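Sequential numbering from 1 applies to the sequence shown in the working numbering.
Glycine is no exception: its CB is placed at the ideal position from the N, C-alpha and C atoms.
A quick note: this is a predicted structure, and the numbers were derived from the prediction, not measured.
Okay, structure first, notes after.
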Amino acid sequence: MGKYQTSRFESGKVKHEGGFSLIELMIVVAIIGILAAIALPAYSTYIMQSRITEATSKLAETRTQLEMYFDNNRSYEGYNCDFAGNDFDISCVTVAAPPSYTITATGKGQMAGFNYTLTSNNVKGSTTTWGNNATCWVNSKGGGC
């Protein structure tokens with residue numbers, strides 16, 4: 001052998017080279033696939049719950065704005081509460097006599113099928129793909145409030 005050539009053999013023994021076998025790599029890929037299959041649905045649920053929280057927060061914020069408008073004008077009529085968000089559209093219906101309102105958050109895109117309401121009597125309601133409830137906002141799978 002030449003001066004700069006190396007041999008895999010040293011004194012008649014095979015030199016072991018470092019690295020991973022194909023089977024070891026396939027086992028790691030399978031484990032990663034199993035973990036991803038478990039984690040992805042849970043992550044999607046958490047994302048949906050955070051979007052629901054944004055919608056219900058916007059309903060409460062709109063209720064506060066409507067009450068401030070009523071304090072200044074002695075009526076809910078004329079207040080424009082329409083708001084277009086990324087996941088929910090907010091709208092309201094006002095009634096002059098007796099003074100009242102219903103605010104609605106209507107889901108769109110990935111949140112289609114999720115609808116939340118809040119009335120002037122502080123009655124919360126929800127119609128969702130996770131369950132329906134006339135007295136609270138459903139915010140978890142199984143219809144939990």
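Counting pairs of beta carbons, one from the region 51-69 and one from the region 23-33, are three or more of them closer than 8 angstroms?
Per the Cβ contact rule, the region 51-69 is not in contact with the region 23-33 (fewer than 3 Cβ pairs under 8 angstroms).
The beta strand (DSSP E) spanning Asn132 covers which residue range?
Along the sequence shown, one-based indexing puts residue 132 at 132. Start and end: Gly131 to Asn133.
Within 9 angstroms, strictly: CB atoms of Phe88 and Tyr69:
Looking up residue 88 in the sequence shown gives position 88. Looking up residue 69 in the sequence shown gives position 69. Contact flag unset, no.
Taking Thr102 and Thr119 to be in contact with their CB atoms under 8 angstroms, please state how far apart those CB atoms are, rounded to whole angstroms.
In the sequence shown, the residue the question calls residue 102 occupies position 102. In the sequence shown, the residue the question calls residue 119 occupies position 119. About 5 angstroms separates the beta carbon of Thr102 from that of Thr119, a gap short enough to meet the 8 angstroms contact definition.
Residue span of the alpha helix (DSSP H) that contains Asp71, given as start and end
As a first step, residue 71 is located in the sequence shown; it is residue number 71 there, counting from the start. Run containing Asp71: Leu22 to Asn73, per the alpha helix (DSSP H) assignment.
Taking only three categories from DSSP, how would you classify Gly107?
Against the sequence shown, residue 107 aligns to sequence position 107. Of the three classes helix, strand and coil, the one that applies to Gly107 here is strand, per DSSP.
Under the rule that 16 or more other beta-carbon atoms within 10 Å means buried, what is Leu22, buried or exposed?
Locating residue 22 in the sequence shown gives position 22, where the first residue counts as 1. With fewer than 16 Cβ atoms within 10 Å of its Cβ, Leu22 is classed as exposed.
Can you look up Cys92 in the DSSP assignment and give me helix, strand or coil?
Locating residue 92 in the sequence shown gives position 92, where the first residue counts as 1. Strand, per DSSP.
Backbone secondary structure at Phe83 - three-state DSSP
Residue mapping note: residue 83 aligns to position 83 of the sequence shown, counting from 1. Three-state result, Phe83: strand.
Roughly how many angstroms separate the alpha carbons of Asp82 and Asp71, rounded to a whole number?
Looking up residue 82 in the sequence shown gives position 82. Looking up residue 71 in the sequence shown gives position 71. Distance between the alpha carbons of Asp82 and Asp71: 20 angstroms.
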